[in-house]
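I have placed the structure first, in the form of structure tokens, so that the comments after it can refer back to it.
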Amino acid sequence: MIQVNQLSKKYNNTTVLNINNLEIPKGQSFGLVGNNGAGKTTFFSLLLDLIQPSTGNIKTNDIQVNTSENWKSFTGSFLDESFLIGYLTPEEYFYFIGDLRHQNKADIDALLKKHEEFFNGEILNNKKYLRDLSKGNQKKVGIIATLIGNPEVIILDEPFANLDPTTVSRLKKIIKELAEDPNVTVLVSSHDLQHTVEVCDRIVALNKGEIVKDIQTSEETLQELESFFAV
Amino acid sequence: MIKKFIYLEWKAFVRSASFGANLAMKILIGFLMVYFSVIFIAMGVGAFYVLKKMNLEPLVTINKFLIYYFLLDLVVRLLMQAIPVLNIKPLLVLPFKKPTIVHFSLGKTALSFFNWVHALFFVPFSVVLIIEGYDILGILFWLLAIFSLIYINNFLNIILSNIDKLFVVFIGLALAFGGAQYYKLFDITIFTTPFFQGLYTIKGLFLIPILLLAGLYAFTFKYFKNNLYLDAGLSKKEDVATTENLSWLNQFGTLGTFLKNDIKLIKRNKRSKTTIIMSFFFLFYGLIFFGNTHQPAVMYIFAGIFVSGGFLFVFGQFVPSWDSSYYQLMMTQNIPYRGYITSKWWLIVIATFISTILASFYLFYGWQVYLTIVVGAIYNIGVNSHLVLLGGAFTKTPIDLSNAGGAFGDKKAFNVNAMLLTLPKLLLPLGLYGIGLYLGDKTLGLMLVAGAGVLGFVFRNKVFSIIEKRYKVEKYSTISAYKQKS
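Protein chains in written order, with the numbering used here: chain F, 1 to 231; chain S, 1001 to 1486.
The following block contains the structure:
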């Protein structure tokens, strides 16, 4: 599904990301872990064509992301709050994204109904604009919005950060469900090794822009990762 | 302690996003400032002799109009003077005393352009008065009183800026007094002139404005000090949200989706709302030119373009910066650039159209004047609308829509840069009209300008393709520019 070739990103001769070869097959749930500055967000930004690679390229579904825009129709993503439109209510935001993804109002309503539990009654019909929601609630909106229009690739940057414990476990359930769907490729990045191990089939650890571990999740994975990141 | 503040201010000034990045713009603004300063000083010096020549007593005449001067100054301040925000939140928990923080942030406003610009007029004027033999002490007291009043306006602006729409009241007041005086119903200056004149003639009267100023400062200080809490003056104002469907726009497909969003954008953010008010004022710009025989004829088209172009200039100028806070989202969604640009274009066209209809009161000056405005509108729709959209690809100034920082917040939208960017859009039609006047008459000039507008409209698709390409090329630098919050 996603094919990375000789990808690197340099800022003033400092290499922040350098991935020779990485292939993420369709249907995989892919976890990206690493410390601050390891290049997780840089990789996702490259994948979404928000920044230009210094060398190499990324292809999703055989579409090179920085030359064609056709990947947009099957990719859902949420990197940070700058993906939210502050002056809209959550409902309006969902409908707006829905319009762009050619979903009608009923489709959106069904999706929102399905994730009512995840919202925990704090999102819908609250007479608040997105800009006035708390960080955690904003994140909930952003995450659910990525699911609109049944995308084949879902990219979530640090989805567990800022969420309360209940919501974290609900989010894990949602990601696991997505992971079970053979048509959906999920990419998640996190600082939290345990959460990532729980929801992902495969985990790649980045350090200073390089891939330092690439493991299929098993019982020992968490231990292996913990000992790797321990000093 | 103050030294630390000044250090912070200096760093904030030097490192602000707009500084340095746009050196050409800074130089241009500096140049304009010098230009206007010179004009003001010249006015200050010249006012005495001009008024004298008109057989008017200069000081009395100035005093007569001071009431309007101060009212309008207040309106301008409420609209444009940003309250300098000292970055207060991080200071609260540091060992600064609260009074120091408040004194410093209030003191900072005293240095604002909106205060010292008046000195450029009043100081030379006073100097001339003294040279011409007026009582030195009297003039000095008068000047002191005038400055107290200017600073009273400064602090009034700070207190009142939290109340939206208040400037409308002051505009209304100024218009009502002006109108009443013009039609000789009621003359406010009969009551105010003796007071202002008294500041010169009656020794000691100048203490009244000074005491007022001191009182107002004390009040402002207390107000701010009491509100120096995260849930009071520093809190964000939260609006009660209402969900709007605007489903009648659905029939326009993707265009409708964007239009819906743009309408909400304008309605729900202070900054964008201000632009609507500003564009309304543009409607009256023509009053300066039409019916004024002193203006060169070529300036008529200038006014014609401004009258209907308010929205185009103050809103269109900043496409796509209005969407800067969520530009990354737009770039990852399945959005055709064409649809995005077309939506903004329609918004501009609709606003220009409405402005043109509202401007029909210019028919009072004769149909030729209105024709000039209509021609200006055609040119705006055909050429300028494309130019602002194209220019937008290069603007890249992030706009912080959610700018609602309570009592200390900077909520003013209008800035000098926006005005400067409009200038090139006026030169071409001015040239065309000038050629028309030179070769033939007004009608030929108007035809040339309108022709350019129609031509632009005909080649709309071609132009859109160019704009689209430009936006794509600029995509990455735009994203990274929007990421830096000013």
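For glycine and all other residues, C-beta sits at the position ideal for the given N, C-alpha and C.
Could you name the residues that DSSP lists as bridge partners for I63/F? Answer is T60/F.
Exposed or buried, what is L1427/S when buried is set at 16 or more other beta-carbons lying within 10 Å of its beta-carbon? Its Cβ having fewer than 16 others within 10 Å, L1427/S is exposed.
Proximal chain F residues relative to T1243/S, where beta-carbon distance stays under 7 Å: Result: T89, E91 and E92.
Compare the Cα-Cα distances from A145/F to each of I123/F, S134/F, A161/F and K127/F and report the closest residue. Closest option to A145/F, Cα to Cα, is I123/F.
Looking at S1343/S: is its Cβ nearer than 7 Å to the Cβ of L1259/S? Taking 7 Å as the Cβ cut-off, S1343/S and L1259/S qualify as a contacting pair.
Kindly indicate the opening and closing residues of the alpha helix (DSSP H) around D107/F. Run containing D107/F: K105 to K114, per the alpha helix (DSSP H) assignment.
Secondary structure at E1009/S, three-state DSSP: helix, strand or coil? In the structure shown, E1009/S sits in a helix (DSSP, three-state: H, G or I).
Same chain, Cβ closer than 6 Å to F1177/S, neighbours up to 5 away in sequence not counted: Apart from the 5 residues on each side of it in sequence, F1177/S sits with its Cβ closer than 6 Å to the Cβ of I1188 in its chain, given in chain order.
Check the C-beta distance from L193/F over to V33/F and give it rounded, since I have them as a contact under 8 Å. About 6 Å; that satisfies the 8 Å criterion.
Beta-carbon within less than 7 Å of L163/F's beta-carbon, same chain only, minus the 5 sequence neighbours each way: which residues are those? If we look at L163/F and ignore the five residues flanking it on each side, its Cβ neighbours are G136, K139 and L171.
Is the shortest distance between the beta-carbon of K128/F and the beta-carbons of chain S less than 7 Å? Residue-level contact check: K128/F touches chain S, since one or more beta carbons of chain S fall below 7 Å from its beta carbon.
Could you say which of I1341/S, W1367/S and V1374/S lies nearest to L1387/S if we only look at CA atoms? For the residues I1341/S, W1367/S and V1374/S, the minimum Cα distance to L1387/S belongs to I1341/S.
Could you tell me whether any Cβ in chain F is nearer than 7 Å to the Cβ of R1271/S? For R1271/S, the answer is no, since every Cβ of chain F falls outside 7 Å of its Cβ.
Could you say which of K1053/S, W1322/S and V1045/S lies nearest to K1267/S if we only look at CA atoms? Closest by alpha carbon: W1322/S.
Pairing CB atoms from the segment 1305–1317 of chain S with CB atoms from the segment 1349–1358 of chain S, are three or more of them under 8 Å? Contact holds: three or more Cβ-Cβ distances are below 8 Å.
Against chain F, does N1479/S count as a neighbour if the rule is that its beta carbon must be under 7 Å from one of theirs? Residue identity differs from the one stated: residue 1479/S is Ile in this sequence, not Asn. Interface criterion met: the Cβ of I1479/S is under 7 Å from a Cβ in chain F.
Would a check of beta-carbon distances place V1240/S closer than 7 Å to chain F? Closer than 7 Å to some Cβ of chain F, the Cβ of V1240/S qualifies, so yes.
Opposite G76/F in the DSSP bridges: which residues? Residue pairing of G76/F in beta bridges, as defined by DSSP: I154/F.
Short Cβ contact (7 Å threshold) for C200/F with T217/F: For C200/F and T217/F, yes; Cβs fall inside 7 Å.
Buried versus exposed, by CB contacts within 10 Å (16 or more), V1375/S: Looking at its Cβ environment, which holds 16 or more other Cβ atoms inside 10 Å, V1375/S is buried.
Tell me which same chain residues have a C-beta within less than 7 Å of the C-beta of P1124/S, skipping the five on either side of it? Correct list, in chain order: I1041, G1044 and V1045.
At the 7 Å Cβ level, is D99/F part of the contact set with chain S, yes or no? Cβ-Cβ to chain S under 7 Å: yes for D99/F.
At the 7 Å Cβ level, is S73/F part of the contact set with chain S, yes or no? Interface flag for S73/F against chain S is set, since a Cβ pair is found closer than 7 Å.
Output needed for M1/F: all residues of its chain with C-beta closer than 8 Å, excluding positions within five of it in sequence on either side, in chain order. Cβ neighbours of M1/F beyond the five flanking positions: I24, P25, K26, G27, Q28, T60, N61, E152, V153 and T185.
For chain S, find out if any of its Cβ atoms is closer than 7 Å to the Cβ of F83/F; answer yes or no. Proximity of F83/F to chain S, defined by a Cβ-Cβ separation below 7 Å, is satisfied.
Segments assigned alpha helix (DSSP H), at least 4 residues, entirely inside the segment 1279–1362 of chain S: Qualifying alpha helix (DSSP H) stretches, in chain order: 1286–1289, 1299–1308, 1310–1314, 1327–1332 and 1337–1358.
Cβ-Cβ distance between N57/F and N5/F below 7 Å: Against a cut-off of 7 Å, the Cβ pair of N5/F and N57/F comes out as a contact.
Would DSSP call V1498/S helix, strand or coil? Any answer about residue 1498/S is impossible in this case: the structure gives chain S only from 1001 up to 1486.
Does any C-beta atom of chain S lie closer than 7 Å to the C-beta of F44/F? With a threshold of 7 Å between beta carbons, F44/F makes no contact with chain S.
Cross-chain neighbours of F30/F in chain S, by beta carbon under 7 Å: Within chain S, no residue comes near F30/F; the closest Cβ sits about 18 Å away, beyond 7 Å.
What three-state label does DSSP hand L17/F in the structure shown? For L17/F, the secondary structure class from DSSP, reduced to helix, strand or coil, is strand.
Buried or exposed: where does A179/F fall if 16 or more other Cβ atoms within 10 Å of its Cβ makes it buried? Counting the other CB atoms within 10 Å of its CB gives A179/F a total of 16 or more, which places it among the buried residues.
Nearest-angstrom Cα distance between M1054/S and N1063/S? Distance between the alpha carbons of M1054/S and N1063/S: 16 Å.
Taking the C-alpha atoms as reference points, what is the distance between Y1217/S and L133/F? Between Y1217/S and L133/F, the C-alpha separation is close to 36 Å.
Touch test, the segment 1200–1214 of chain S against the segment 1139–1153 of chain S, Cβ-Cβ under 8 Å, three pairs minimum: In short, these stretches touch, since the Cβ pair count reaches three.
Unbroken stretches of the alpha helix (DSSP H), 4 residues or longer, contained in the segment 1030–1105 of chain S: Runs of the alpha helix (DSSP H) lying entirely within the segment 1030–1105 of chain S and spanning at least 4 residues, in chain order: 1058–1080 and 1089–1092.
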